[in-house]
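Colleague: Residue numbers (our numbering): 142 to 213.
For every residue, glycine included, the Cβ atom is placed at its ideal position computed from N, Cα and C.
Please read through the structure below; I'll follow up with questions.
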């Protein structure tokens, strides 16, 4: 998940992305929004995919992800 480094450390945070389109878009939302404040994200791991259902249809997609970035 993390980038290749020879020394130092990689930090991992957990984020939940939300979308009304798809789980793939929810992952993209998590990475995109987190990258606005966390610089240098090097990896993503999808932990869980959940959603909300209304009238027999999925109306919201949630993706719980772990994001890795090098600690400088």
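1) Which class does residue 158 belong to by DSSP, given the choice of helix, strand or coil?
2) Return the chain-ordered list of same chain residues with a C-beta closer than 8 angstroms to the C-beta of residue 213, the five sequence neighbours on each side being excluded.
3) Rounded C-beta distance between residue 224 and residue 207? I'm assuming under 8 angstroms.
4) Counting C-beta neighbours from all protein chains within 10 Å, is the total for residue 204 16 or more, i.e. buried, or is it exposed?
5) In angstroms with no decimal places, state the Cα-to-Cα distance between residue 162 and residue 191.
Modeller: Considering the structure as presented:
1) strand
2) Shown here for residue 213: same chain residues with a beta carbon closer than 8 angstroms to its own, the five before and five after excluded, namely 149, 181 in chain order.
3) Past the boundaries of the shown model lies residue 224; the chain is included only from 142 to 213, so the question cannot be answered.
4) buried
5) 13 angstroms
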